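Protein chains in written order, with the numbering used here: chain B, 12 to 1022; chain R, 3 to 474.
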């Protein structure tokens, strides 16, 4: 009992510094001053004068508000940062300053108390977690929230913010589908909930909120073949250097306050705010530059191997090669081209600069920043990506602390220049290595020798994607009686996306120029939305009970416009793309979609003695996507936490346990991620002119998909929180699935949108471990490990057999499965692959594809280490994924046929060896048919697990005593590598994406300078 | 700006906004119908949009699988299941048609069936909308109802001939249609006749703007003539075809065979325009699919069967005008060349896809007349077709031809005249009663039950009241 108070203080301290992953240098910020160890010897009512100085890293801070908690008594620091105040021993002092974390410190008999303030931008922010409408101390949260901060994001040479989450969070699966910059990553939070998972109708997208403004998470459409899957990232025009943190809300407790839109989790992105002491101006600059190359290549046959494979195939078949069946054998047999080199062997340069200026005083602060990012591509030709951003943030707080206004705006323009290629990767992997030259001697495309068209012609179909995004947010609040705050958040977002794809005649064989016209395809997307969220917050303390309530409303209106047009018949190459110069302009799609959303939400947070926490959240939602009778629905959740390490008996019997928390939550969320206007019985314009036609059957009564989430978690800290372990379990049940209910075609259509009693269950275990291995003044080492074991199962789906999902899903299995033939080895007589005809009907169709393989993730995780020696620090992140996927097998053609093959086919069946798993070299159609069945069998599924060194950065921070001489706050030099290596058994291009351009390997170096 | 101002002004703003949301939210989430959609009731509330709904049907007939003339259209599939076309590439769905071994899972078959019912839905929706409409002027309404009924009858005529008994869907309510059982053939024909009678009643004799894209009275009569021909009601078949043939201000047989399939040719009774594709491409799908400029591939999977080409006599001018050859290194392909344009983009549309044309009416009347024993008239009609094809006239070479021989010549002439148009050969073979004799000689796997296509398996799975045809 004696040391109770100190014990608690130590625990808090530990929690602050260690449990929440704060690096050691920030230890220095604890207030100094004399302090009695034992509270009881002090006379509680004794009045005394407390003096001290308040400073930050830049020196003394004038104008810091010093308030006795729970009273109106307070003062401000003077020009030298000094203050003096009359207090009693029992008082708690609150030090606050705009843009800085507030400090609460017990007086405890001190007479001097120097305080060092920490700006909100520094890492201690990690203590407070953004839960959307409110913030919560990491220690006290009842829900499941993961977070990455600027520190992890800023050094990575990436364009899309979500890529920074890869490997860092439990329960969050981020897959980069292609190495092409600016494309959307696929993010899935705790598994796939909705059966609707197509590009046009995806019910699995999480909610994105940037500074309180919801951003449509649906990737922007693109008509380009390199970019249409997965589409353009709606967040790509954000400035990564300006992101303060990204939080991901996962369980019911955290997401229920987002009601209908929280079913698939919520991604909260918070941008940086300005701060400053006494009007001092701060400069923050960063510059890096580097190169990227493709991180993987396939080992394919070289020219000699290819020719001999082809010859052997004809020999095996007893067929004479002719110009028709073997054009490649008539080509030059000496010429050798590595097509992977030709198509994506280039080196792309990356350059990035960032500059921010901020300043502030006790009432007002601002931040003004801008960035420029440029990178090339690995493709031949003049292609590339660049991005310019500007951001501004302004915060003001009245001197009496009651009124507060925050304003921020982010503006970004990006421009992605690519080309419209359907076959790029396929060409690189399958063109015969002895293929004819691409260009004639006169520099024109060589059409004569290429029978199926010149593969480089696609590079002459340029595609340009421009994004233009504005994101603006204002929050005002006023505390008009103690504890009661009236607030309003106002947000506006505007995203314009413009795409032009040009198809000049030049890209086609001159032989058909009389039949075709130059054309251009245009797409214009505009997404505008505004949001108003008035809120009332009330906080009060009743003895040991702390009460926090919040009631608010949301009004949101989004306008989503799409215009697709095609211009054909340009007289001149230079005019292509200018619709005024086209002979014929067709508008293919012109949609103006309006989405309105309205909600009332509330939260009641209770804590008893900082030990027992209860959090109730609820929301009533209305969405224009549902018919008049089904517009509104209610969602809610309960979350609770018990910090048992605060209990006396735990302290007594388990002194090794420095922190222990048990928490759980249960609740419902919904999903309105469905197409707009689906309930209306409408006609639309036909593709042909002047016509109208019904495009779907309508069911005005369809309703919300619901998602019931249950979670339990245990968090433990040992040895003064040097070791922290978090263990979580979740279960999400998604039912009332809104899917196309299958109908016979006699109804005119094949389905109607309806809620089906299909249920998807996602369960999983999540483990997080963080350790401080070493912690000395000059040397520290921290390790973070996370692992997720997800499990998705389609629990029930009535009449699945009759739906369009019948060849996609199976009851009792995960959602991400492959339905396959049973591979039956190589027929010893023909030397060709065999698959089993399960129902013996001599036909091979889905009835025989009864082998089910999970191609989703079995488990995944990340390991990161931060090692610091004096000014030198090394950080790296390894991402590990255990999974199966289709192998390279599926994209190549039968061994022996035209087109390059993997080196594996050197071991093709010859009849002599016992068990080859490559069929005989043959170019006959029977061989192709056998092969095409085999690639739909379990033979085509392979281990696609991988271990990838996602990031590696080495930085050196120049000693501060040297820098101060030149008035420099911080200067560090860094080298950063992204995707440096991948260890995998997978033989295709990328274990995550299959035969796509794999993520690029990027190495950059740069300098960060703060003045 | 002082704090007081902030306090008072913003306080009020906050108060107002906070109170705002407490008031009803129901209205807020109302959205108006966007301008790319029109609510059904509105569509049939005025002449203009109702007209657009009809134009929509004609536009979609070009895009629809069964009627577009592409690889899953009746013109291609039924010509394969008869003996006019052959496949030139490995395409299982098409080969099943060629060999009359269509499986119930055949995708082309499902596409054909589904797209036909999709057009029926559009007709039914238009009829439902027009019948309750009060905003469309009465004469326009009657005309539109006539057109929609005509198209519906046209679709059912094909469904009943290809599949036998089919569900007779007459409403747009999916709850009813989803469980619709198969109706017997008489019921289907009586709907067809009833629809066409109504259409003949209300449709005028002209074409709007001279475009032969919307059926008029004569189109309905022409189709009626075919219906009675199939029903072997020779008198009526003769009567209706005569009415079309005698409408000489509208129709004439063109002597120039190369001009027959041009847009709005005088021989056309009803055509479908490629404008319906909505793309910049303005060629017909038949032209694009049949014409071979290089070795056959996915887009050009069929060519004329050799024995069909051999059935022409050498001086038949249709061989020159309507058939072309493409020779690869080791094979010669004959392809239909009724449509001359393989690729067209922008500019005036040269060719429309022909649905009904005058030559067929002559052949109908000739058959109906000869069945009734009116041989001279029949010979006269047949000679109109032979004359144009540069063949010797029957009235000269065999004026004494007997009924049976005449009917045989008519069959042969129908095959040569109407090949790869709308499945004529297949339907003629079926009704001739000789289909087994004729096809079993070239198709080893022929069975009697192959005269009907299978009901798609998927459909049977979804509708418990549907049954399969015998033999599948």
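Backbone N, C-alpha and C define an ideal beta-carbon position, used for all residues, glycine too. Note that the coordinates shown come from a computational prediction; the quantities given were computed from them, not determined experimentally.
I'd like to know whether the C-beta atoms of residue i and residue j end up nearer to each other than 7 Å.
{"i": "residue 797 of chain B", "j": "residue 774 of chain B", "result": "no"}
{"i": "residue 422 of chain B", "j": "residue 481 of chain B", "result": "yes"}
{"i": "residue 431 of chain B", "j": "residue 477 of chain B", "result": "no"}
{"i": "residue 224 of chain R", "j": "residue 246 of chain R", "result": "yes"}
{"i": "residue 389 of chain B", "j": "residue 359 of chain B", "result": "yes"}
{"i": "residue 382 of chain B", "j": "residue 250 of chain B", "result": "yes"}
{"i": "residue 374 of chain B", "j": "residue 408 of chain B", "result": "yes"}
{"i": "residue 698 of chain B", "j": "residue 280 of chain R", "result": "yes"}
{"i": "residue 630 of chain B", "j": "residue 198 of chain B", "result": "no"}
{"i": "residue 360 of chain R", "j": "residue 255 of chain R", "result": "yes"}
{"i": "residue 171 of chain R", "j": "residue 161 of chain R", "result": "no"}
{"i": "residue 33 of chain R", "j": "residue 544 of chain B", "result": "no"}
Does residue i come within less than 7 Å of chain B when only Cβ atoms are used?
{"i": "residue 356 of chain R", "result": "no"}
{"i": "residue 163 of chain R", "result": "no"}
{"i": "residue 127 of chain R", "result": "yes"}
{"i": "residue 54 of chain R", "result": "yes"}
{"i": "residue 123 of chain R", "result": "yes"}
{"i": "residue 466 of chain R", "result": "no"}
{"i": "residue 190 of chain R", "result": "no"}
{"i": "residue 262 of chain R", "result": "no"}
Since residue i is in the beta strand (DSSP E), which residue starts that stretch and which ends it?
{"i": "residue 181 of chain B", "result": "Element bounds for residue 181 of chain B: n/a, residue is neither H nor E."}
{"i": "residue 424 of chain R", "result": "Counting along the chain, residue 424 of chain R falls outside any beta strand (DSSP E), and DSSP gives it neither H nor E."}
{"i": "residue 1083 of chain B", "result": "Outside the modelled stretch of chain B, which goes from 12 to 1022, sits residue 1083 of chain B, for which no answer is possible."}
{"i": "residue 579 of chain B", "result": "556-581"}
Spell out whether any CB of chain R is found under 7 Å from the CB atom of residue i.
{"i": "residue 607 of chain B", "result": "yes"}
{"i": "residue 438 of chain B", "result": "no"}
{"i": "residue 109 of chain B", "result": "no"}
{"i": "residue 701 of chain B", "result": "yes"}
{"i": "residue 373 of chain B", "result": "no"}
{"i": "residue 537 of chain B", "result": "no"}
{"i": "residue 851 of chain B", "result": "no"}
{"i": "residue 768 of chain B", "result": "no"}
{"i": "residue 753 of chain B", "result": "yes"}
Need the endpoints of the alpha helix (DSSP H) that residue i sits in, please.
{"i": "residue 351 of chain B", "result": "350-355"}
{"i": "residue 861 of chain B", "result": "Careful: residue 861 of chain B lies outside any alpha helix (DSSP H) and carries neither H nor E."}
Between residue i and the ligand MN, is there a pair consisting of the residue's CB and a ligand heavy atom that are separated by less than 6 Å?
{"i": "residue 414 of chain B", "result": "Of ligands this structure carries none, so the ligand MN is not represented either."}
May I ask you to verify whether the region 167-182 of chain R touches the region 84-95 of chain R, counting CB pairs closer than 8 Å and requiring at least 3?
-> no
Is there contact here, the region 391-407 of chain R with the region 123-136 of chain R, by at least three beta-carbon pairs under 8 Å?
-> no
Chain B contacts made by the region 337-355 of chain R, where a contact means CB separation under 9 Å = 344, 345, 346, 347, 348, 349
Are the region 639-658 of chain B and the region 667-686 of chain B touching, with three or more C-beta to C-beta distances below 8 Å?
-> Taking a cut-off of 8 Å for Cβ pairs, the region 639-658 of chain B and the region 667-686 of chain B touch, as three or more such pairs fall below it.
Contacting positions in the region 93-122 of chain R - beta carbon closer than 9 Å to chain B = Correct list: 105, 107, 112, 115, 116, 117, 118, 119, 120, 121, 122.
Segment contact, 8 Å Cβ cut-off, at least three pairs: the region 778-795 of chain B with the region 235-254 of chain B | With a cut-off of 8 Å, the region 235-254 of chain B and the region 778-795 of chain B do not count as touching, because too few Cβ pairs lie within range.
Pairing CB atoms from the region 910-917 of chain B with CB atoms from the region 961-977 of chain B, are three or more of them under 8 Å?
-> no
In the region 774-795 of chain B, which residues sit with their C-beta less than 9 Å from some C-beta in chain R, listed in chain order?
-> none
Within the chosen definition, does the region 318-326 of chain R reach the region 232-243 of chain R through at least 3 CB pairs nearer than 8 Å?
-> no
Just checking, does the region 372-386 of chain R make contact with the region 331-339 of chain R on the three C-beta pairs under 8 Å criterion?
-> no
Between the region 801-821 of chain B and chain R, which residues of the former have a C-beta closer than 7 Å to a C-beta of the latter?
-> 812, 813
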